[in-house]
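Each residue of the sequence shown is one higher than the last, beginning at 6 in the working numbering. Everything below concerns the one structure shown next.
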Amino acid sequence: MKKIYVLASAIPLLLLIALAIGATEVNHVWSAIFAFEFNSESLDDQIIWQIRAPRVIAAILIGAILGIAGSLSQAATNNPLADPALLGTTAGAAAGVVIGVATNLVSLGSFTAVIAAAIGAMAATLFTFWLARSALQLIIMGISVSAILTALVGIAISLTDRSDLRSITFWSLGSLALIASSDLLILIAVAVIVLLVALKLSPQLDLLSLGDNAVRHIGRDPQRIRLIAFLTLSVAVAASVSTVGTIAFLALAAPHIARFIVGPRHRNLLIASAVIGSIILLLADTAARSIAPPQDLPIGILIALCAAPLLILALKKGAMQWR
Numbered sequence: 006m007k008k009i010y011v012l013a014s015a016i017p018l019l020l021l022i023a024l025a026i027g028a029t030e031v032n033h034v035w036s037a038i039f040a041f042e043f044n045s046e047s048l049d050d051q052i053i054w055q056i057r058a059p060r061v062i063a064a065i066l067i068g069a070i071l072g073i074a075g076s077l078s079q080a081a082t083n084n085p086l087a088d089p090a091l092l093g094t095t096a097g098a099a100a101g102v103v104i105g106v107a108t109n110l111v112s113l114g115s116f117t118a119v120i121a122a123a124i125g126a127m128a129a130t131l132f133t134f135w136l137a138r139s140a141l142q143l144i145i146m147g148i149s150v151s152a153i154l155t156a157l158v159g160i161a162i163s164l165t166d167r168s169d170l171r172s173i174t175f176w177s178l179g180s181l182a183l184i185a186s187s188d189l190l191i192l193i194a195v196a197v198i199v200l201l202v203a204l205k206l207s208p209q210l211d212l213l214s215l216g217d218n219a220v221r222h223i224g225r226d227p228q229r230i231r232l233i234a235f236l237t238l239s240v241a242v243a244a245s246v247s248t249v250g251t252i253a254f255l256a257l258a259a260p261h262i263a264r265f266i267v268g269p270r271h272r273n274l275l276i277a278s279a280v281i282g283s284i285i286l287l288l289a290d291t292a293a294r295s296i297a298p299p300q301d302l303p304i305g306i307l308i309a310l311c312a313a314p315l316l317i318l319a320l321k322k323g324a325m326q327w328r
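This is how it looks when you write it as C-alpha cells:
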C-alpha cells in the first residue's frame, strides 16, 4: 500500500500544475489558485475555477474510472489484452448515445446521455457474454461486436444531415474540452460506486486467475463473477463515454503498469490502476491543451505518448510476465 500512497501523492501536485498551465496566460496564477475565489468576477479566477478546474477534476475521475474498468476487463477474461474496447463495451456505450441523440431522447453531456450509454454498454457486454463460451471467446466475440457497432455508428453519422449527430464525430474522438461543472457530480458518484463494488469483488477476481475449474471446485460460479464485473465496468465506461467520448488505450495500459508496481492481488491492483489512470489522463489532457494553444490536440495521441513508454518499461522490467 505504501507504493500506492506514493503514487497518489503525485496527484495533488499534478492538479496544481494543471490548473496553472493552459492556453491563456493568467497573471499571478499561484496567487489566484490559492485564493480559492470560486465565484469571483475576475477573469483570472474564472479561467482557473470555471474552465480549468472542472476539466482537471474530470481528468482525474475519468482516468480512475477507466483504470478500474481496464483492470476488471483483464481480470474477468483472465486475458492481459482485454479492455472495454475489446469487449464491445465502449462501442455499445457510444451506440447508446448516438441512438438516444438520433431519437431526440437525450442530448450530449446530460444525465440522460449517461443512462443511454449505460444501456448500450450493458446490452453490448451482455450480448458478448451470451455469445461466448470461454474467456478466449469473450475477446473474439467482443472484438466482433465492437467492430459491428462502430461501423453502424459511423454509417449513421455519415448519412445524416443533422448537425447534432455530426457533432458526435468530434465527441467520439475523445476530448475533455466540453466538460462542465454539472458533469462532475455524476463522475464522482460513478467513481465511488465502481471502486467500492470492484473492491468488494476483488477476492473473487483473484480466484478467476486460478481458472474456471478451480473456481467451480471451491463452490463458486465463474460466470457469475464475470457477469458482475462486466456490469460494473459497463457503468464505468458509460459514465466516461457519455461525458468525454471514446478514450482509447488508457484502460489497457493502466492495469499493466499498476501490476508491475503493486503485484497481481486485485485489491491493491484496482486502487493502483485508478491512481495511474488518473495520473496518465491528467498529464495527457494538460499537454493536449498546452502544447499548441488555442488548439486542443487529440487526447488519444497524448495518452499514447504518456502511457506507452511506461507500459513498455513495465513489461520489460517485469520480464513480460502475466500474473
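Virtual Cβ for every residue (Gly too), placed ideally from N, Cα, C.
Item	Value
I'd like the span of the alpha helix (DSSP H) that includes residue 125, first residue to last.	116–136
Kindly confirm or deny that the stretch 39–54 and the stretch 269–283 touch, where touching means at least three C-beta pairs closer than 8 Å.	no
Identify which residue in 115, 33, 131, 144 has its Cα closest to the Cα of residue 85.	144
Would you decide whether residue 285 is buried or exposed? Buried here means 16 or more other CB atoms lie within 10 Å of its CB.	buried
Does the Cβ-Cβ distance between residue 16 and residue 65 come in under 8 Å?	yes
If you draw a straight line from the C-alpha of residue 27 to the C-alpha of residue 295, how long is it?	5 Å
State yes or no: is the C-beta of residue 290 within less than 8 Å of the C-beta of residue 181?	yes
Can you look up residue 108 in the DSSP assignment and give me helix, strand or coil?	coil
State the DSSP-derived secondary structure class of residue 51, mapped to helix, strand or coil.	helix
Using three-state DSSP, classify residue 162 as helix, strand or coil.	helix
Using alpha carbons as the reference points, say which of 258, 259, 242 lies closest to residue 251.	242
Cutting at 7 Å between CB atoms, please list the residues of its own chain near residue 24, excluding the five before and the five after it.	38, 53, 57, 58, 61
Residue range of the alpha helix (DSSP H) that residue 39 falls in?	34–40
How long is the line joining the alpha carbons of residue 106 and residue 8, rounded to whole angstroms?	43 Å
Look at the alpha carbon of residue 19 and the alpha carbon of residue 192, and state the distance between them as a whole number of angstroms.	19 Å
If you draw a straight line from the alpha carbon of residue 104 to that of residue 183, how long is it in whole angstroms?	20 Å
Which runs of the alpha helix (DSSP H) spanning at least 4 residues fall entirely within the stretch 291–327, listed in chain order?	304–322
Measuring straight from C-alpha to C-alpha, what distance separates residue 292 and residue 298?	10 Å
Where in the stretch 256–296 do unbroken runs of the alpha helix (DSSP H), each at least 4 residues long, occur, reported from the N-terminal end onward?	271–295
Looking at the structure shown, is residue 82 part of a helix, part of a strand, or coil, going by DSSP?	helix
Taking the alpha helix (DSSP H) that residue 225 falls in, what are its first and last residues?	Looking at the DSSP string, residue 225 is not in any alpha helix (DSSP H), and its letter there is neither H nor E.
With a threshold of 16 other CB atoms inside 10 Å of the CB of residue 226, please say whether the residue is buried or exposed.	exposed
Cα separation between residue 100 and residue 155?	8 Å
Mind checking whether residue 246 and residue 111 have CB atoms under 8 Å apart?	no
Quick check on residue 12: does DSSP put it in helix, strand or coil?	helix
Rounded to whole angstroms, what's the CA-CA distance from residue 199 to residue 118? Just pull it up for me.	18 Å
Excluding five sequence neighbours on each side, which residues of the same chain lie with their C-beta closer than 8 Å to the C-beta of residue 1?	Because residue 1 is not part of the residues shown, which for the chain are 6 to 328, the question remains open.
Rounded to whole angstroms, what's the CA-CA distance from residue 223 to residue 212? Just pull it up for me.	9 Å
By how many angstroms is the C-alpha of residue 6 removed from the C-alpha of residue 236?	27 Å
Of the choices 266, 36, 258, 256, whose alpha-carbon is the least far from that of residue 10?	266
Taking 6 Å as the limit between beta carbons, can you name the residues of its chain near residue 121, skipping five residues before and five after?	101, 102, 105, 111
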